[in-house]
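Let me begin by presenting the structure, written as structure tokens, before commenting on it.
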Amino acid sequence: MNPITPIINGMAITLKHMFLKPVTLQYPTERPKVAARFRGLHALNVSHDKAKCVACYLCPTVCPAKCITVEAGEDANHDKFATVYEIDMLRCIFCGYCVEACPVDAVRMTGEFELANYKRQDFIYSKERLLEKK
Amino acid sequence: MGIEILGLPMMYYIAMVAKVLVAFVFVLLTVAYATYAERKIIGHMQVRLGPMRTGWHGLLQPIADGVKLFFKEEIIPSQASTFAFLIAPLIALIPAFITFAVIPFGGVIEVAGYKIPLQIAAYYDTTAGQVFDVNVGVLYILAMSSLGVYGIVLAGWASNSKYSLMGGLRASAQMISYELAAGLSIIAVFMLSGTLSLTKIVELQSGMGGFEWYLFKQPLAAFIFFICSLAEINRTPFDLPEAETELVSGFCTEYSSMKYAMFFMAEYANMVTVCALTVTLFLGGWNGPLTAAMPLLGPVYFIAKVYFLMFVCMWIRATLPRYRYDQLMHLGWKVFIPVALVNIVVTGIIGYFI
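Okay, structure coming up:
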């Protein structure tokens, strides 16, 4: 086969690409737009100033990574609520099964993806930290 | 003006030092910014941005790289042959720079009544009324460019590491094969010019508004010379001596800090030299419109042509993958050398009848 034409074609392609708009995202200054159904950090939904969670234990049961810890308590109205709701982000695989399993729509996933931290302890998100992300 | 040293006017020495300084600083800056240009151009060809953070659009990147390399730890392997290991980067770097002594980058300019030819190793003899330069300029360049391989071979051998040795051996084999074809291809140019002096060769290409360039008379020779020169200075797609994927950077595996930087400066300086030589031999050197009226336009045209060829080098690098070793040898020995020989014969036959 003629060895020259492929080289010329290749050169033409590279030259053409030089005038295309670069796809690079200048990350810390430009932020990516995450998709609507992106599965990032969890958030506990709030209703009437309280977490919706009723501590039914369906999310820790379905969780394949076993990263959710829930402890149930009873409030003044004899309603069940989660005294402890912790997610260990080092174990979480962001599968979203907890969101699917929740019968009261108490947990959702946000577009937050920058989850780096300095200490291992900081990766365990307590109920308060999960509530903050509204 | 009246003072004379060794029979030459004072102005001669001033002009010489000025030419050396200007050319050297300019080449150094070009080398530094060639690295930046290469990263930018290849970046954009791959639809990326290239360096963007240091300075406006990454313009300070070469300086940041230089400073970083300066402060890196200097490591000499305990099993290395220390003297050869230390001297190798210098042997690679110096021939790359001293070739600029004979490349004419402009016509004759006049400063305070004294005529200065814009070529480092040349002077204007007022009594004879003509420019004297190194009359075997091309031979000098060929000699210097083949000296450069010693630095690489020595680096590969002195590092006492298998990868480095492989890189060094590949470099020597590759350079020997491609030097032949490059040398043969410029013989066709000498057959037309009848001189080895680069100033004369540039003068011969000055007529007809650019159509006297040897590129048009010897297109095959120009093509072979440029490709073989790329192979000789180990640019992609012929960068087998440093082949990152198979030889872990080849001859410079064991090098660090400024010595490593020296190899890269040598590589880029060689690229500038090769482009400058191709411009001089085939693209009419500093010739261009209006150079007779404004001699200072000469260097501008020269630099523009050199930068264009450097862009072509980077363009080739962005396009082609590395050749396999047997393909490289096949291309050198079985394609370029026979074609260059045929080119000489055909030039001779045509030259005999015209």
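Residue numbers (this note's numbering), protein chains in the order written: chain A, 1 to 134; chain B, 1001 to 1354. Note that the Cβ used here is the ideal one computed from N, Cα and C, for glycine as well.
Look at A101(A) here: in three-state DSSP terms it is helix. Residue pairing by DSSP places F81(A) opposite G73(A) in a beta bridge. At a cut-off of 7 angstroms between C-beta atoms, T29(A) does not count as an interface residue with respect to chain B. For M109(A), the enclosing beta strand (DSSP E) has its first and last residue at V107 to M109.
CA-to-CA, the gap between A1034(B) and Y1268(B) works out to about 7 angstroms. Proximity of chain B to M18(A) at the Cβ level (cut-off 8 angstroms) is accounted for by I1041, H1044 and M1045, in chain order.
A direct Cα-to-Cα measurement between L1154(B) and A1088(B) gives close to 6 angstroms. Rounded to whole angstroms, V1300(B) and Q1061(B) show a C-alpha spacing of 25 angstroms.
Close partners of R1048(B) in chain A (Cβ separation under 7 angstroms): P22 and T24. Taking all protein chains in view, the Cβ of W1286(B) is crowded by 16 or more other Cβ atoms within 10 Å, so the residue is classified as buried. Within chain B, M1045, W1315, A1318 and T1319 have C-beta atoms less than 7 angstroms from the C-beta of T14(A), given in sequence order.
In this structure the region 8-18 of chain A does not touch the region 86-98 of chain A; the number of beta carbon pairs closer than 8 angstroms is below three.
Identification of chain A residues near M1052(B) by a Cβ-Cβ cut-off of 7 angstroms yields Q26, ordered along the chain. Chain B has a Cβ within less than 7 angstroms of the Cβ of M11(A).
Bridge pairing for S1256(B): absent [DSSP].
Nearest neighbour of W1213(B) by Cα position, chosen from S1257(B), E1179(B), M1016(B) and G1284(B), turns out to be G1284(B). With fewer than 16 neighbouring CB atoms inside 10 Å of its own CB, W1056(B) falls in the exposed class. Linking M1144(B) to M1265(B) through their CA atoms gives a straight-line distance of about 16 angstroms. H42(A) is bridged by DSSP to M109(A). Within chain B, not a single residue places a beta-carbon under 8 angstroms from that of I4(A); the smallest gap is close to 10 angstroms.
Annotation: the continuous alpha helix (DSSP H) that includes Y1036(B) extends over M1010 to M1045.
Distance from I1109(B) to L1296(B) at the Cβ level is roughly 7 angstroms; contact confirmed, criterion being Cβ atoms closer than 8 angstroms. Assignment of beta-bridge partners to F1211(B) by DSSP yields no partner.
In this structure, G1168(B) lies near G1156(B), with their beta-carbon atoms less than 7 angstroms apart. Going by DSSP, I1116(B) is part of the beta strand (DSSP E) stretching over Y1114 to P1117. For I1152(B), the enclosing alpha helix (DSSP H) starts and ends at G1137 to A1158. Counting only the Cα atoms, K127(A) lies some 15 angstroms from K80(A). About 14 angstroms separates the beta carbons of L1240(B) and R1317(B), which is beyond the 8 angstroms limit, so they are not a contact pair.
With 16 or more other Cβ atoms from the protein chains shown falling within 10 Å of its own Cβ, S1164(B) counts as buried. Rounded to the nearest angstrom, the Cβ distance from C1228(B) to Y1178(B) is 5 angstroms, consistent with a contact under 8 angstroms. Identification of chain B residues near I7(A) by a Cβ-Cβ cut-off of 8 angstroms yields T1319 and L1320, ordered along the chain. Within the same chain, Cβ atoms closer than 6 angstroms to the Cβ of A72(A) are found at A55 and K80, the five residues on either side in sequence being excluded. Residue nearest to A1231(B) within the set W1333(B), V1248(B) and V1306(B) is W1333(B) (criterion: CA-CA distance). The beta carbons of I1041(B) and M1329(B) sit about 30 angstroms from each other, so the pair does not count as a contact at 8 angstroms.
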